[in-house]
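Trainee: I'd like to ask some things about the structure below.
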Amino acid sequence: MSKKRSIVRKLLAFVFVFTLVLDVIPITGSSNVSAMQPKYDKNGFWIKDGVLAAYQGNKKKEVIPNSVKVISYEVFKDNTTIEEVKLPDSVSKIGYSAFEGCTNLVKVNIPDKVKVLELKTFYGCSSLKKVTLSKNLTLLEPEVFGECVALPKIELPETLKEIRERAFYNCNSLEKVDIPNQVTNIGPKVFGYCYKLRSIKIPASVKILGDACFWCCQSITEEIIPSTVNQIGEAIFTGCVSLQSVLLPEGMKEIPDMMFFGCESLAKVKLPESVTRIGQSAFFSCKKPPW
Numbered sequence: 000m001s002k003k004r005s006i007v008r009k010l011l012a013f014v015f016v017f018t019l020v021l022d023v024i025p026i027t028g029s030s031n032v033s034a035m036q037p038k039y040d041k042n043g044f045w046i047k048d049g050v051l052a053a054y055q056g057n058k059k060k061e062v063i064p065n066s067v068k069v070i071s072y073e074v075f076k077d078n079t080t081i082e083e084v085k086l087p088d089s090v091s092k093i094g095y096s097a098f099e100g101c102t103n104l105v106k107v108n109i110p111d112k113v114k115v116l117e118l119k120t121f122y123g124c125s126s127l128k129k130v131t132l133s134k135n136l137t138l139l140e141p142e143v144f145g146e147c148v149a150l151p152k153i154e155l156p157e158t159l160k161e162i163r164e165r166a167f168y169n170c171n172s173l174e175k176v177d178i179p180n181q182v183t184n185i186g187p188k189v190f191g192y193c194y195k196l197r198s199i200k201i202p203a204s205v206k207i208l209g210d211a212c213f214w215c216c217q218s219i220t221e222e223i224i225p226s227t228v229n230q231i232g233e234a235i236f237t238g239c240v241s242l243q244s245v246l247l248p249e250g251m252k253e254i255p256d257m258m259f260f261g262c263e264s265l266a267k268v269k270l271p272e273s274v275t276r277i278g279q280s281a282f283f284s285c286k287k288p289p290w
């Protein structure tokens, strides 16, 4: 029995070593290698079958060719030269982190064929001030505009249905956002640390308010949560130090944990008769009971 185990161990060791050798042996054949090498045009674009796969240009203002249908992921990531990008109407998809870390990007347009903005598309674009969104946009993925600290406003299209977590996290210049009437889900910390956000109307289409979705929105003074909302996360108004009044929906059964934590200006909250539980630290640091 021990002899059989010894043979098996030797066979496994041989397979393992053979696999490592294959990994380090270079692929021969110039056609295979050249097929993987970027072929940039005179403007620094590598375009393959309608996909902008890579970019090595150095212009401050860039116009993407009409032949491009897809902007691949991370194409412009950490490009600190580019200030403005004009995308053609032919573009229908923009990959994740396509413009992440473009700290000098000020202006960009999203063509109407684009329906989804993927993870961190414009994350950390700290100079971004003007964005024209697609009129057919349905989804904002996580952190799509996170850390866009210079963005003062954004107009969301009526087609939008979902805003996922941290989509506008730490957009601390953002002053006003109108949530479209088709949005059903506002994810966790979507507007976290939007210090200057003064007004945000939650439409009747919304069913879910994620955890801490208005975390530390220090300029909001009042809010109405419509009766259509059937799921409210924890700490949604934590740190909203200017919040004075909130209208809660009838039928609400509990005040989630830390819902109004640190809301030191809160003076008026009408608790629905349906409420049977007030969560832990729900009104912590409120100067007086607001009901």
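Numbering that gives the first Met the number 0 puts the first residue of the sequence shown at 0, with every later residue one more than the last.
We put the beta carbon where it would ideally sit given N, CA and C, even for glycine.
(1) How many angstroms separate the CA atom of Leu-246 from the CA atom of Leu-265?
(2) Taking the DSSP output, what are the residues bridged to Gln-108?
(3) By the 10 Å Cβ neighbour count, where 16 or more other Cβ atoms means buried, how is Glu-142 classified, buried or exposed?
(4) Rank Val-67, Val-182 and Val-50 by C-alpha distance to the C-alpha of Ala-200 and give the top, closest one.
(5) Does the distance from the C-beta atom of Glu-154 to that of Leu-173 stay below 8 Å?
(6) Which same chain residues end up closer than 8 Å to Lys-175 when comparing Cβ atoms and leaving out the 5 residues on each side of it in sequence?
(7) So, using beta-carbon positions, are Leu-138 and Lys-160 closer together than 8 Å?
(8) Who are the Cβ neighbours of Lys-92 in its own chain at under 6 Å, not counting the five residues just before and after it?
(9) Would you list, in sequence order, the uninterrupted alpha helix (DSSP H) runs of no fewer than 4 residues that lie entirely inside the segment 29-71?
(10) Could you check which residue in Asn-180, Asp-177, Ile-162 and Ser-204 has the C-alpha nearest to that of Lys-188?
(11) Helix, strand or coil: which one does DSSP assign to Glu-221?
(12) Please identify the residue among Pro-64, Ser-280, Leu-116 and Ser-96 whose C-alpha is closest to the C-alpha of Leu-136.
(13) Rank Pro-179, Gln-279 and Asn-171 by C-alpha distance to the C-alpha of Met-257 and give the top, closest one.
(14) Which residues in the same chain as Val-205 place their Cβ atom closer than 8 Å to its Cβ, once the five residues preceding and following it in sequence are excluded?
(15) Which residues bound the beta strand (DSSP E) around Ser-244?
(16) Please say whether Cys-193 and Cys-212 have beta carbons closer to each other than 8 Å?
(17) Count the other CB atoms, across all protein chains shown, that sit within 10 Å of the CB of Asp-40; report buried if there are 16 or more and exposed otherwise.
(18) Glu-61 to Ala-53, Cα distance in whole Å?
(19) Is any beta-carbon of chain D found at less than 8 Å from that of Asn-108?
(20) Sort Glu-82, Pro-37, Val-107 and Ser-244 by Cα distance to Val-268 and report the nearest one.
(21) Alpha carbon to alpha carbon, how far is Ala-203 from Ile-223?
(22) Determine the closest residue to Phe-75 out of Gly-209, Ala-234 and Phe-44, with distance taken between C-alpha atoms.
(23) With a 10 Å radius around its C-beta and 16 neighbouring C-beta atoms as the bar for buried, classify Thr-220 as buried or exposed.
(24) Could you name the residues that DSSP lists as bridge partners for Val-115?
(25) Output needed for Ser-125: all residues of its chain with C-beta closer than 8 Å, excluding positions within five of it in sequence on either side, in chain order.
(26) Can you tell me where the beta strand (DSSP E) with Val-176 in it begins and where it stops?
(27) Spatial neighbours of Lys-85 within its chain, please: C-beta separation below 6 Å, excluding the five flanking residues on both sides.
(28) Distance, Cα to Cα, Val-240 vs Ile-81?
Mentor: Let's see:
(1) 12 Å
(2) Rather than Gln, the amino acid found at residue 108 in this sequence is Asn. For Asn-108, which the question treats as bridged, DSSP gives the partners Thr-131.
(3) buried
(4) Rather than Ala, the amino acid found at residue 200 in this sequence is Lys. The candidate whose alpha carbon is nearest that of Lys-200 is Val-182.
(5) no
(6) Lys-152, Leu-196, Arg-197, Ser-198 and Ile-199
(7) yes
(8) Val-69
(9) 29-34
(10) Ile-162
(11) strand
(12) Leu-116
(13) Gln-279
(14) Ile-178, Val-182, Thr-183, Asn-184, Ile-185, Pro-225, Thr-227 and Val-228
(15) 244-246
(16) no
(17) exposed
(18) 14 Å
(19) This model lacks chain D altogether; it includes just one protein chain.
(20) Ser-244
(21) 10 Å
(22) Phe-44
(23) exposed
(24) Leu-138
(25) Thr-102, Glu-146, Cys-147, Val-148 and Ala-149
(26) 175-177
(27) Val-62
(28) 38 Å
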